[in-house]
Every structure is written in structure tokens, then in C-alpha cells.
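Participant: Count the sequence shown with mature numbering (1 follows the signal peptide of the UniProt record, and there is no 0) and you get residues -26 to -1, 1 to 303, in order.
In this text, a Cβ means the ideal position worked out from N, Cα and C, and glycines have one as well.
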Amino acid sequence: MSILRKFGLAVLASAAIVASAVSGQAAELMLRSSDTHPDGYPTVEAVKYMGKLLEERTKGRIGIEVFHSAQLGEEKDTIEQTQFGVIDLNRVSLGPFNNIIEETQVVSLPYIFRSVDHMHKVMDGPIGDEILAAFEAHDLIGLAFYDGGSRSFYNSEKPIKSVDDLKGMKFRVMQSDMFVDMVGALGANATPMPYGEVYSAIQTGVIDGAENNWPSYDSSGHFEVAKYYTLDEHLIVPEILVMSKKSWDKLSPEDQAVVRQAAKDSVPHMRELWAAQEKKSEEKIRAAGAEVVADIDKTPFIEAMKPVYEKHVTSEKLKDMVARIQATK
Ligand code: GTR
């Protein structure tokens, strides 16, 4: 490229930066962020909020554009693209990381958390930091954890009132071997499948149902095709915001600190949005005529999970992590 042309492009580029700073539009560096959920969903809004903080704190130099509704692909594929640096930021469940990063399995174990409060205490403390740090060896930077409520089974066939009722039924799970074993331990059959395929798979009878939290059961429309929802709350899986290490390495240490802080500061906002959305989605789904089984004895479900722990918590490191989580008050 000739020097003149290079210079010309540089002038054009800086003119664009000035124009954008003045108009308050696109920042100099727009980080592309992926989310499977639709616009307005708490995770999508939380990352937009982080983008606003970033723009304010960098005087418009760095911003975020959220590609919601799986525009950039299903979670498993977008995780790979984030590792390659094609996507800068990604908000995903920890589930699809279970087969890649063993530490994520521990906080994805069924019934590992006694409550959402317990999950917050663990993820906001040293165990959460260890898990965030584990991402770096996989070309990702763990920035912050978000809420994903608790996940329960729903299906198109019948109300589930006990473990026995699940026998032989077919459920979709996230693409994690541990979740396949979890469903197997309950006597049902698991089909790992991308989120975006679940609606039609239930509709056509390929599967009987799936499992998720109130907001996802709502926004995916799954409640329209699977109206029996049993609040067994087998999983409280944290969600995570990760950044591509490739994109991260391009930032100055100062900007890295600003990005990390903006991500952390989006968490309380996310938790508020989440709590409000859970209530709204529950009301909407109940009003739509879903049959919700709420008073269920969870003890047999918890007991059935022993083989999952035995198979997936094998190393001393993971055993120690489980013990520390259980000891967290
Ligand atoms: C949602 C979660 C998504 C995705 C989805 C799924 O609750 O927010 O990130 O993991 O569940 O079941 O695939």
C-alpha cells in the first residue's frame, strides 16, 4: 500500500472516530458480543449495560455491540469462534464448557448449590475466581458470572411428580456429558442438542421435553409445546461472560482493567433484571395454562445423583472444590 494511500486511510479513520465521538454512535473499538437469547433478555441487557459503562469510562473509545438471538450461532460454535478471536465477547452457560474445562463441571453438578444465594456466595468468592482463571488456558478470559436461576424439567406428555414418572422419557440437555449422565441417572434418556433446535424437536416428538429456568422456558416459547413443568430444580448453573484471549491481548493493561471492572459492575444490574424477569415469566407461563408441579419431594432426585458425582468428580482437585462449596455457608 502506498504511503499516500495509507495516510489517506488513517485520516479517514480518525475522521470517523471524531465523528462517532461527537454523534455518540459507534466507538473506535466495538467489541462483538454473542448471546443466544433475544433482545431484552436479562443477559443481553446486562452486556449492553456493560458496553455503556465501557463507553463512558473510555470516553467513547471502546463499546460493545450485542448480537442477540443466536445471530452469530449456537453456543458451542460461538465458543469456538470466541477462542479463535472471531467473536470478542460471549455470554454463555457454563454447561457447554463442561467437556472442555473440568472446573466448570463442579459448579454445574446437580444439586451442588443449596440455593441461588449459596451459588452467589461461592461464585463471588475464591472458588469463582479460580474458575474464571481456568479459562485462560483455553484461549478465553473469564470476566464475570451471571445468573441462570434454577433449571427444572418440562415436557409435552404428563405431569412429573416423582423420579419414577421420568422413566423412559426423552429430554434434551445442553451439550455436556455430565448432563447426559444426570438424565440417565434419573432413568430417562438424554439427547444433547443446540438450544435453537429444541422447540421443533419437542413439536415433532423427537424428544418429550427439556429443562430450563423460567425466563428461558418463556422466551424460547417451549412452554407452548411442553406445558408440564416440574420444579425439581436439579441445576443451578451459573452463566459466564468470556472474552477472546486474542481480543484481550490487543488491549493495553489499562483497558483490560477497565473491561474487567465494567463486566464486574454489570453483575448487580444483571441480578436485578434477572429477579424481575423470573417473576414476569412465571406469571406469563402460568397464565398461558402451563401445569406446574411445585410441591415435589426433591430427596429422591438428590439421591439419584450420586453416580453422577462419582463419575465426574474424580480428581483430588475437584473433590476438594466440591467439599469447599458444600462448606460455604
Ligand atoms: C439458558 C441459558 C443459555 C443456554 C440455554 C440452553 O438458560 O441462559 O445460555 O445455555 O439455557 O439450555 O442451551
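Whose CA, out of Ala162, His196, Phe275, lies closest to the CA of Thr178?
Facilitator: His196
Participant: Within a Cβ cutoff of 8 Å, which residues of the same chain sit near Val199, ignoring the five residues on either side of it in sequence?
Facilitator: Ser130, Tyr173, Ile176, Gln177
Participant: Return helix, strand or coil for Ile36, following the three-state DSSP convention.
Facilitator: strand
Participant: Tell me, which residues are paired with Ile214 by DSSP?
Facilitator: Answer is Val66, Phe119, bridged to Ile214.
Participant: Determine, using beta carbons only, whether Leu46 and Gln55 come nearer to each other than 8 Å.
Facilitator: With contacts defined as CB atoms closer than 8 Å, Leu46 and Gln55 qualify as a contacting pair.
Participant: With a threshold of 7 Å (Cβ to nearest heavy atom), would Tyr283 be considered close to the ligand GTR?
Facilitator: no
Participant: Can you tell me the Cα-Cα spacing of Val(-9) and Ile53, whole angstroms?
Facilitator: Confidence in Val(-9) is poor, its pLDDT being 37 and thus under 50, which makes the residue's placement unreliable; the coordinate value appears in the next sentence. Distance between the alpha carbons of Val(-9) and Ile53 is about 33 Å.
Participant: With a CB to CB cut of under 7 Å and the five nearest residues on each side skipped, what residues in its chain are close to Glu19?
Facilitator: Leu247
Participant: Could you tell me the alpha carbon to alpha carbon distance between Pro12 and Ser193, rounded to whole angstroms?
Facilitator: 7 Å
Participant: Excluding the 5 residues preceding and the 5 following Ile134 in the sequence, name in chain order all residues of the same chain whose CB lies nearer than 7 Å to its CB.
Facilitator: Phe127, Leu140, Tyr202, Thr204, Val267
Participant: Within the present structure, is the beta-carbon of residue 328 separated from the nearest heavy atom of the ligand GTR by less than 7 Å?
Facilitator: It is not possible to answer for residue 328, since the shown part of the chain is limited to -26 through 303.
Participant: Note down, in chain order, each residue of its chain lying with its Cβ closer than 8 Å to the Cβ of Leu(-15), except the 5 sequence neighbours on either side.
Facilitator: Its pLDDT being 38, under 50, Leu(-15) is placed unreliably by the model, and the measurement read from it follows with that caveat. Closer than 8 Å at the Cβ level, and outside the excluded window around Leu(-15), lies no residue.
Participant: Taking 7 Å as the cut-off, is the CB of Val216 close to at least one heavy atom of the ligand GTR?
Facilitator: no
Participant: Can you list the residues near the ligand GTR, meaning Cβ strictly closer than 6 Å to any non-hydrogen atom, in the order they appear in the chain?
Facilitator: Thr10, Glu49, Val66, Ser67, Gly69, Gly122, Met148, Tyr169, Asn186, Asn187, Ser190, Glu213
Participant: Give every residue of the same chain whose Cβ lies closer than 7 Å to the Cβ of Gln300, excluding the five residues on either side of it in the sequence, and list them in chain order.
Facilitator: none
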